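Working notes, beginning with the structure itself.
Residue numbers (my numbering), protein chains in the order written: chain A, 652 to 1035; chain B, 4 to 127.
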């Protein structure tokens, strides 16, 4: 097949206004990691490209000396992506192999994901690889309290990047890292320390390794019946003892909190923030299913759930053990949108149990689990 | 889209994924899917049929029918036909499944299938 018709992976970079998206992308564009990459940004002026330019395709598209194609988005995203692919196919642009897409700070990621996942033209040429959300270490609490887009951006993330950590005190950065890990247990939290790690932050795989490792740990700890240290939501400003400290993973530090602890201790409790609006009722919980699932029964239940409650389901991510199938399947949904189901090569460990992390707004764990149990009981029994 | 007949359908919907199960094929899996969906819909006197392996046809007892592309749309169209919500969080609930001592005369679900959960659901 011609490279012109490859399906190109897209990394979505989101984050609230002033969170540091452009700084992250500027670091990418100035380094070698941007080779073979097309970067769609909001404004050229914000990333300072003048000294990197080696050519100009048109007023909105330039070529950089590191082999990167950089485009500014005007108008419709769909049109921008389609035009980019056409130029690549015609040979007007170098045959880039991946795309980085910057959203505006006030955008919620779901409509952009809908374009990538559902638009018949775009989905034929692009596939959403990962959503990276940049979080401002200095202003996260205020943005969370005042702007619902902040929470939508955090919930949709596969990787959360804390920026401006050098400007904030370490204790507040650690507290923010812990809060983010609670809000989105399925995401990896990265405290950005230097420009050299930008390529890893944007392009390191999030499905095949991170998710299996993360959920594998959940499964092992749930299976062992390990007791998770308590966590008082009223005192969430201080790091909890079960929060894993920052650790070196490759070239950047990560900070994660076991989702399993949410399943045990905090499944039904709303997450606290100092000045959080009372209307927020975000819960994260981990749903485990011991018996391999019947795929058809699960899809009937899950499509019904998303149809009626999709707006309340900010995120679902996890591994499914399907009856008769040796490989785990990755389920990944943001509100009504479900990514194409992937089948991994192998389970992360011997605990081959379906594990789904839910982030919901006003949807209780008990009712979700009970609903699925009733569907299984009713639909998997022999027909009357 | 079906390459043989040009029918537009929901072939790319995630629910159409065929797990790598030995002996499974797309056609049989789709028919099983439809049969299971009908166990939900029958209590509402709705019926789902496969349409050329590409779409579905959802039909009501009044003769209304609509072509739907995938399971993401089946439930939305079913709610439109019924004029009320289909909430999986209350569907098959024990309380709703328990027959009342004197069922209302319009208890169609009881009369047709024995699944007593349909008519008095509250909209969410």
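Using N, Cα and C, we set each Cβ at its ideal position, and we do this for glycine too.
These figures come from a predicted structure and were not determined experimentally.
Please name the residue or residues paired with residue i in a DSSP beta bridge.
{"i": "residue 753 (chain A)", "result": "A:664"}
{"i": "residue 1008 (chain A)", "result": "A:937 and A:968"}
{"i": "residue 692 (chain A)", "result": "A:723"}
{"i": "residue 2 (chain B)", "result": "Here chain B covers residues 4 to 127 and nothing more, so residue 2 (chain B) does not appear."}
{"i": "residue 68 (chain B)", "result": "B:62"}
{"i": "residue 981 (chain A)", "result": "A:970 and A:993"}
{"i": "residue 783 (chain A)", "result": "A:664 and A:810"}
{"i": "residue 944 (chain A)", "result": "A:973"}
{"i": "residue 659 (chain A)", "result": "A:777"}
{"i": "residue 988 (chain A)", "result": "A:985"}
Going by the CB atoms, is the gap between residue j and residue i shorter than 8 Å?
{"i": "residue 853 (chain A)", "j": "residue 679 (chain A)", "result": "yes"}
{"i": "residue 983 (chain A)", "j": "residue 990 (chain A)", "result": "yes"}
{"i": "residue 841 (chain A)", "j": "residue 810 (chain A)", "result": "yes"}
{"i": "residue 34 (chain B)", "j": "residue 53 (chain B)", "result": "yes"}
{"i": "residue 974 (chain A)", "j": "residue 945 (chain A)", "result": "yes"}
{"i": "residue 955 (chain A)", "j": "residue 1016 (chain A)", "result": "no"}
{"i": "residue 719 (chain A)", "j": "residue 754 (chain A)", "result": "no"}
{"i": "residue 967 (chain A)", "j": "residue 980 (chain A)", "result": "no"}
{"i": "residue 953 (chain A)", "j": "residue 787 (chain A)", "result": "no"}
{"i": "residue 23 (chain B)", "j": "residue 978 (chain A)", "result": "yes"}
{"i": "residue 963 (chain A)", "j": "residue 785 (chain A)", "result": "no"}
{"i": "residue 676 (chain A)", "j": "residue 751 (chain A)", "result": "yes"}
{"i": "residue 831 (chain A)", "j": "residue 800 (chain A)", "result": "no"}
{"i": "residue 177 (chain B)", "j": "residue 18 (chain B)", "result": "Because chain B is modelled from 4 through 127, residue 177 (chain B) falls outside the range shown and cannot be assessed."}
{"i": "residue 837 (chain A)", "j": "residue 985 (chain A)", "result": "no"}
{"i": "residue 1011 (chain A)", "j": "residue 934 (chain A)", "result": "yes"}
{"i": "residue 50 (chain B)", "j": "residue 62 (chain B)", "result": "yes"}
{"i": "residue 40 (chain B)", "j": "residue 77 (chain B)", "result": "yes"}
What did DSSP end up calling residue i once you bin it into helix, strand or coil?
{"i": "residue 810 (chain A)", "result": "strand"}
{"i": "residue 958 (chain A)", "result": "helix"}
{"i": "residue 968 (chain A)", "result": "strand"}
{"i": "residue 789 (chain A)", "result": "coil"}
{"i": "residue 939 (chain A)", "result": "strand"}
{"i": "residue 831 (chain A)", "result": "helix"}
{"i": "residue 851 (chain A)", "result": "helix"}
{"i": "residue 74 (chain B)", "result": "helix"}
{"i": "residue 778 (chain A)", "result": "strand"}
{"i": "residue 681 (chain A)", "result": "coil"}
{"i": "residue 744 (chain A)", "result": "coil"}
{"i": "residue 805 (chain A)", "result": "helix"}
{"i": "residue 15 (chain B)", "result": "coil"}
{"i": "residue 41 (chain B)", "result": "helix"}
{"i": "residue 728 (chain A)", "result": "helix"}
{"i": "residue 80 (chain B)", "result": "helix"}
{"i": "residue 713 (chain A)", "result": "strand"}
{"i": "residue 999 (chain A)", "result": "coil"}
{"i": "residue 1014 (chain A)", "result": "coil"}
{"i": "residue 824 (chain A)", "result": "helix"}
{"i": "residue 800 (chain A)", "result": "helix"}
{"i": "residue 897 (chain A)", "result": "Bear in mind that the predicted position of residue 897 (chain A) carries a pLDDT of just 42, short of 50, making it too unreliable to give a figure here."}
{"i": "residue 857 (chain A)", "result": "coil"}
{"i": "residue 890 (chain A)", "result": "With a pLDDT of only 32 at residue 890 (chain A), under the threshold of 50, the placement of this residue in the model should not be trusted; the figure read from the coordinates follows. Residue 890 (chain A) falls in the coil class under three-state DSSP."}
{"i": "residue 93 (chain B)", "result": "coil"}
{"i": "residue 21 (chain B)", "result": "coil"}
{"i": "residue 670 (chain A)", "result": "coil"}
{"i": "residue 1033 (chain A)", "result": "coil"}
For residue i, return the contacting residues in chain A, with the cut-off set at a CB-CB distance below 9 Å.
{"i": "residue 62 (chain B)", "result": "None at all; the shortest Cβ gap to chain A is about 18 Å."}
{"i": "residue 75 (chain B)", "result": "954, 957, 958, 987 and 989"}
{"i": "residue 65 (chain B)", "result": "Within chain A, no residue comes near residue 65 (chain B); the closest Cβ sits about 22 Å away, beyond 9 Å."}
{"i": "residue 44 (chain B)", "result": "Ordered by position in chain A, no residue passes the 9 Å Cβ test against residue 44 (chain B), which lies about 10 Å from the chain."}
How would you list, in chain order, the residues of chain A whose beta-carbon sits under 7 Å from the beta-carbon of residue i?
{"i": "residue 95 (chain B)", "result": "1025, 1026 and 1029"}
{"i": "residue 79 (chain B)", "result": "958"}
Going along chain B in order, which residues have a C-beta closer than 8 Å to the C-beta of residue i?
{"i": "residue 947 (chain A)", "result": "32, 35, 36 and 39"}
{"i": "residue 978 (chain A)", "result": "23"}
Along chain B, in chain order, which residues have C-beta atoms closer than 9 Å to that of residue i?
{"i": "residue 761 (chain A)", "result": "By Cβ distance, chain B contributes nothing, its closest Cβ being about 15 Å from residue 761 (chain A), past 9 Å."}
{"i": "residue 981 (chain A)", "result": "Here the premise fails: no neighbours, minimum Cβ distance about 11 Å."}
{"i": "residue 737 (chain A)", "result": "None at all; the shortest Cβ gap to chain B is about 21 Å."}
Could you list which residues in chain A have their beta carbon closer than 8 Å to that of residue i, in chain order?
{"i": "residue 25 (chain B)", "result": "975"}
{"i": "residue 89 (chain B)", "result": "955, 958 and 959"}
Residue i touches chain B at which residues, Cβ-Cβ below 7 Å?
{"i": "residue 992 (chain A)", "result": "17 and 20"}
{"i": "residue 662 (chain A)", "result": "By Cβ distance, chain B contributes nothing, its closest Cβ being about 21 Å from residue 662 (chain A), past 7 Å."}
Is the region 676-692 of chain A in contact with the region 800-818 of chain A, if contact means three or more CB pairs nearer than 8 Å? no
Specify whether the region 659-673 of chain A and the region 776-788 of chain A touch according to this definition: at least 3 beta carbon pairs, one from each stretch, less than 8 Å apart. yes
Would you check if there are 3 or more beta carbon pairs closer than 8 Å linking the region 1022-1034 of chain A to the region 797-806 of chain A? no
Contact between the region 765-778 of chain A and the region 726-742 of chain A: three or more CB pairs below 8 Å? yes
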